[in-house]
Amino acid sequence: MSPLQRCLLPFMALTLIACEQQPHFTAAEPGEALSAGAATVRKFDHNAFSLPSANLAPSRRLDFAVGNSFFRNPWVTAPATTTARDGLGPLFNTNACQNCHIKDGRGHPPGPDAVSAASMLVRLSLPAGPEHAQVLIRQGVVAEPTYGTQLQDMANPGVAPEGKVRVTYSSVPVRFADGTLVELRKPELQISQLGYGAMHPDTLFSTRIAPPMIGLGLLEAIAEADILAGADPDDADGDGISGRPNQVWDRQQQRSVLGRFGWKAGQPNLNQQNADAFANDMGLTSSLIPHDNCTPAQADCLAAPHGGEPEVSDNILASVLFYSRNLGVPARRDVDAPEVLKGKSLFHQAGCQQCHTPSFTTSAAAAEPELANQLIRPYTDMLLHDMGEGLADGREEFLASGREWRTTPLWGIGLTQAVNGHTQFLHDGRARNLLEAILWHGGEAEAAKLHVLKFDADERAALLAFLNSL
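Going by UniProt numbering, the sequence shown opens with residue 1, and the numbers climb by one from there.
Set out below in structure tokens:
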């Protein structure tokens, strides 16, 4: 898509100054506040991310509540009288989904006194060679031989945790054209108290905080063709943006398909994403992932009792799937406010919308009828982009390189403080606010960041007002 075509996307209240690069919004678009179409909810406090989609029928809200109970309540060690919720571990990161996705929202890095990393995970792998081609097709990474693909820093009694995770920071100064200085913080991962000996010397690490749960069913309902239409892997139009899809293994279909979920789009659908979280985050088996994540070097883990085969029944997995598909997206605020409209114009003038695609219409063939045919405004293209060396984790995942990340949806981002009590953004929570998150952008987003660095204080405030309205 050419810059001119991007400029002329159907914004109903858009006038153009110098046409291609200077969109100027003078009013909100019709229905712009409805980020999730008819599924949009109107709650803006600490429970803003925890409501069922607004168009979910009362009879279906009971199913939502059942899924919520399995998402919120803790699992316990087997054997236990609570047979529906036993089987936790032997190795795990947390005992409930809600502990990572706090209030169905965003996780954060661990503080210095935290018992565990909880809502921040550490993914592990080894560099891949030609001999790993078949492994990469199905698993996406080469596992570290002793610790697997994710470090579990908690364990059941009698089993040693895999290690302790902490993060320290160094300062990275960035200066705006008007002289304003911002001190970014660069994270440095520290893993200590390894329970099973040294890791392979070539181990790759990637820290990941838990992302918000809102609108996931709507993202799953975007037609594959609509996502692929935005891909430009060879930058054929010469605009510097070369988003590309990830291709990942679908366990149920036993084939490679489009990746949609996770920081590198490493999961194909919500059911597999949920099963993977049960397995790796809580040590719970399911019919989709029927084995605990113990490695041959972890004898106590292998010998520990389990909570049934599988520990997460298909009914529970289906309930959690329904819940995660139908968490509502809050409506936008102040869409007609002059400062918000100014910030929206600046967002587009900087080119941010080239990756943070404002809108899609979901497929008529969505998994749930409430998710079908909705005009949604998630501000993501669902594609991988090279974000530069500053954000690189150096860890490949299926087709995603060590510098690539899936474009993060921006809907609801302005309510992070209200829901989670913090504003720590990006995949590892290094950014302490939205401005810092912007300033970490590089690679394909370098030109947009440089544009923002020219903004004066009023323009920066307007841009942030727009982002906080989402």
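For each residue, glycine too, the CB sits at the ideal point set by N, CA and C. All values derive from a computational prediction rather than experimental measurement.
For the candidate residues the options, whose alpha-carbon lies nearest to that of residue i?
i           : options                   : result
C294        : E162, A366, E397 and G388 : E162
P112        : Q134, V167, G105 and Y147 : V167
L56         : L375, Y323 and H422       : Y323
residue 474 : T362, S242, A365 and N269 : Missing from the structure shown is residue 474; the chain here goes from 1 to 470 and no further.
Q193        : S116, T362 and A275       : S116
Q417        : L470, D456, R406 and M387 : L470
L302        : P110, H291 and A198       : H291
C97         : A114, I376, P79 and L121  : L121
K357        : R61, R255, S286 and A229  : Before going on, a small fix: residue 357 reads as Thr here, not Lys. Checked all of R61, R255, S286 and A229; the closest Cα to T357 is A229.
A80         : A155, R395, V452 and G308 : G308
T77         : F92, D237 and S69         : F92
Y196        : D300, S287 and L126       : D300
N95         : M154, F49, K43 and G105   : M154
Q190        : F205, A177 and H200       : F205
S256        : G107, V135 and L391       : V135
A392        : L384, G402, I222 and L383 : G402
A160        : V174, H200, S170 and P90  : P90
F398        : G179, E32 and G259        : G259
D276        : D235, V320 and A236       : V320
I413        : Q374, T423 and R406       : T423
V142        : H108, E339 and R395       : R395
W263        : W405, K454, G105 and F70  : W405
R85         : P369, P409, S35 and F278  : F278
A447        : A350, L375 and F455       : A350
A437        : G390, D458, N420 and A457 : G390
R244        : I227, Q253, N73 and C352  : I227
E370        : G388, R325 and W411       : R325
D202        : V312, G129 and D239       : G129
L284        : Q272, V312 and A304       : V312
F466        : L341, L434, L435 and T362 : L341
By the DSSP assignment, the alpha helix (DSSP H) with residue i in it spans what residues?
i    : result
D239 : Here D239 belongs to no alpha helix (DSSP H), and DSSP marks it neither H nor E.
D292 : Looking at the DSSP string, D292 is not in any alpha helix (DSSP H), and its letter there is neither H nor E.
Q272 : L270 to M282
D226 : E224 to L228
G217 : L216 to E220
Report the three-state DSSP secondary structure of residue i (helix, strand or coil).
i           : result
K344        : helix
R6          : Unreliable positioning characterises R6 in this predicted model, as indicated by a pLDDT of 43, which lies under 50. The coordinate reading is nonetheless provided below. R6: helix per DSSP, three-state reduction.
G308        : coil
residue 490 : Since the first and last residues shown for the chain are 1 and 470, residue 490 lies out of range.
G37         : helix
P330        : strand
G197        : strand
F49         : coil
L470        : coil
Q354        : helix
residue 555 : Residue 555 is absent from the structure shown; the chain starts at 1 and stops at 470.
F44         : coil
Q267        : strand
E20         : Residue confidence for E20 is low, a pLDDT of 49 falling below 50, so the modelled location carries little weight; the figure read from the coordinates is stated next. Of the three classes helix, strand and coil, the one that applies to E20 here is helix, per DSSP.
L302        : helix
V335        : coil
L62         : helix
L288        : coil
F11         : Unreliable positioning characterises F11 in this predicted model, as indicated by a pLDDT of 42, which lies under 50. The coordinate reading is nonetheless provided below. Reduced to three states, the DSSP call for F11 is coil.
P30         : coil
N73         : coil
Taking the beta strand (DSSP E) that residue i falls in, what are its first and last residues?
i    : result
V167 : K164 to R175
F25  : P23 to F25
F205 : L204 to I209
L189 : L181 to S192
S256 : R255 to L258
V320 : Taken as a continuous stretch (DSSP letters only), V320 belongs to no beta strand (DSSP E), being part of the alpha helix (DSSP H) at D314 to R325.
D250 : Q247 to D250
With a threshold of 7 Å (Cβ to nearest heavy atom), would residue i be considered close to the ligand GTP?
i    : result
N326 : Here there are no bound small molecules, and the ligand GTP is not part of this structure.
Task: Contained alpha helix (DSSP H) runs [length at least 4] in the segment 377-455, N- to C-terminal order - done: 416-420, 434-439 and 446-452
Task: alpha helix (DSSP H) runs wholly inside the segment 80-161, at least 4 long, in chain order - done: 97-100 and 133-139
Task: Stretch-stretch touch, CB-based, cutoff 8 Å, three pairs: the segment 420-439 with the segment 185-203 - done: yes
TODO: Count the CB pairs spanning the segment 377-391 and the segment 211-223 that are closer than 8 Å, and state whether there are at least three.
DONE: yes
TODO: Tell me, please, whether the segment 23-34 touches the segment 328-345 by the rule of three or more beta-carbon pairs shorter than 8 Å.
DONE: yes
- [ ] Give a yes or no on contact between the segment 330-340 and the segment 30-43, applying the rule of three or more CB pairs nearer than 8 Å.
- [x] yes
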